[in-house]
Amino acid sequence: MTNSVQGFVQDAGVPFDVLIQSLTEQLDKAQAAMALKARVARLPLTFAVKDVSLDLRAFVQMIDDDVFVRPSSPGDTEASTIKLTLTTVTRSMVEENAVDFKAEEPQFSLREALKGQISEEDQRRLERIGVRTVEQLSDLRKTAGTDVVARIARMPVNRLQQALLAAAAPRVTQVEAPGQEGRFGRNARVHLQAPGLRAGRIPFVRAAGEDVPVLEAHDGRLVLAPHATQMGLDAEIDFGEGEVAHVPLAAGRIGRWAEGAERKAA
106 MTNSVQGFVQ DAGVPFDVLI QSLTEQLDKA QAAMALKARV ARLPLTFAVK
156 DVSLDLRAFV QMIDDDVFVR PSSPGDTEAS TIKLTLTTVT RSMVEENAVD
206 FKAEEPQFSL REALKGQISE EDQRRLERIG VRTVEQLSDL RKTAGTDVVA
256 RIARMPVNRL QQALLAAAAP RVTQVEAPGQ EGRFGRNARV HLQAPGLRAG
306 RIPFVRAAGE DVPVLEAHDG RLVLAPHATQ MGLDAEIDFG EGEVAHVPLA
356 AGRIGRWAEG AERKAA
């Protein structure tokens, strides 16, 4: 944290939602540690957290559209009292509000896909609003406006656009070895996740100066049947309307947008 940021926090405090998120994050860590102790280490639990109540003496102020909270110092008599109570939830409440997290390959993690695109702090901001995988970030591009997401995540719009762009690039999720079907055998199958794929449109794919057969193109996924001489080489995928990406035809590879396609793909 820079000196300027530290000075701002000392003067203005912290945003109220960040205070709540930080508190719940630490409670989640405590809960995870207790679960690990009971299930893995087979040790008896000596205590449990049921309710947490806090009476926080603090000064509250509005800065732009945000509520900031600054804890009072000893002797401050004009501070407000903020009463916070966190309690346990039932299984039905958890299931009702749970998000269906899907397992994602390590090479497609948010950290790996956005390497060099955004800072660690920006990544933490995305994680605070529940975005931890490439697929979740890609879904934001379809379901929410960039301005809204940037405001909730407290990220500059241009940096969020860079993250959305990187997440929308095609990536190879699976490579099937060539089969023995037919007289001349069967080409390998390359499966890609392609958030930039438009409904009802088959992209134009080329590698090594030749077309790459497209077997399937739907629901943001592609299945290609490249020739043996095209495997491992850089493929150009033209999604139409100037959106062109490049991705090596090899397992676990993440694509990149061609120069000039960034603005249209964002």
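Residue numbers (my numbering): 106 to 371.
Note that the Cβ used here is the ideal one computed from N, Cα and C, for glycine as well.
Keep in mind that this is a model prediction, so the values were computed, not measured.
Taking the beta carbon of residue i as the centre, do at least 16 other beta carbons fall within 10 Å, making it buried, or is it exposed?
i       : result
Gln-279 : exposed
Val-352 : buried
Ala-340 : buried
Arg-358 : buried
Leu-219 : buried
Gly-360 : buried
Ala-249 : exposed
Leu-141 : exposed
Gly-235 : exposed
Ala-350 : buried
Val-239 : buried
Asp-227 : buried
Apart from the five residues on each side of it in sequence, which residues of its chain come closer than 7 angstroms, Cβ to Cβ, to residue i?
i       : result
Arg-303 : Phe-344, Gly-345
Ala-143 : Leu-150
Val-119 : Phe-173, Val-174
Arg-75  : Beyond the ends of the chain as shown, which are 106 and 371, falls residue 75; an answer cannot be given.
Asp-122 : none
Glu-281 : Ala-293, Arg-294
Gly-325 : Gln-298, Ala-299, Pro-300, Leu-302
Ile-257 : Ile-234
Ser-177 : Arg-162, Ala-163, Phe-164, Ala-184
Would you report the Cα separation of residue i and residue j, rounded to the nearest angstrom?
i       : j       : result
Glu-183 : Phe-164 : 8 angstroms
Gly-287 : Pro-318 : Bear in mind that a pLDDT of 44 at Gly-287, under 50, signals an unreliable position, so the number given afterwards is only what the model happens to contain. When rounded, the distance between both Cα atoms is 17 angstroms.
Leu-189 : Val-174 : 13 angstroms
Arg-237 : Leu-215 : 6 angstroms
His-332 : Leu-297 : 16 angstroms
Gln-335 : Ala-313 : 6 angstroms
Lys-134 : Arg-162 : 25 angstroms
Phe-152 : Ala-146 : 16 angstroms
Pro-179 : Gln-166 : 19 angstroms
Phe-289 : Gln-241 : For Phe-289, the predicted model reports a pLDDT of 45, less than 50, meaning its position is unreliable; a value from the coordinates is still stated below. When rounded, the distance between both Cα atoms is 41 angstroms.
Arg-196 : Met-139 : 18 angstroms
Phe-113 : Asn-202 : Caution is warranted here: a pLDDT of 49 is assigned to Phe-113, below 50, making its placement in the model unreliable, and the coordinate value is therefore given only provisionally. Their Cα atoms are separated by approximately 35 angstroms.
Asp-171 : Glu-200 : 31 angstroms
Asp-181 : Met-198 : 40 angstroms
Ser-158 : Arg-306 : 55 angstroms
Asp-316 : Ala-363 : 18 angstroms
Gln-136 : Leu-148 : 15 angstroms
Val-253 : Arg-311 : 37 angstroms
Grab me the residues of residue i's own chain with a C-beta within less than 6 angstroms of its C-beta, minus the 5 sequence neighbours each way, in chain order.
i       : result
Ala-355 : Gly-337
Phe-309 : Asp-343
Ala-255 : Val-262, Leu-265
His-323 : none
Glu-154 : Looking at the sequence itself, residue 154 is Val, so the reference to Glu does not match. So no residue of the chain qualifies.
Tell me, to the nearest whole angstrom, how far the beta carbon of residue i is from that of residue j; I am working on the premise that it is less than 8 angstroms.
i       : j       : result
Leu-191 : Leu-132 : 7 angstroms
Gly-284 : Arg-291 : 4 angstroms
Thr-186 : Asp-160 : 6 angstroms
Thr-251 : Leu-269 : 7 angstroms
Got a sec? Which residues, its chain only, sit under 8 angstroms from residue i by beta carbon, not counting five neighbours each side?
i       : result
Asp-156 : Thr-190, Leu-191, Thr-192, Thr-193
Leu-320 : Arg-294, Val-328, Leu-329, Ala-330
Ile-168 : Ala-117
Gln-126 : Arg-233
Are the C-beta atoms of residue i and some chain B residue less than 8 angstroms apart?
i       : result
Thr-151 : Note that chain B does not occur in the displayed structure, where there is just one protein chain.
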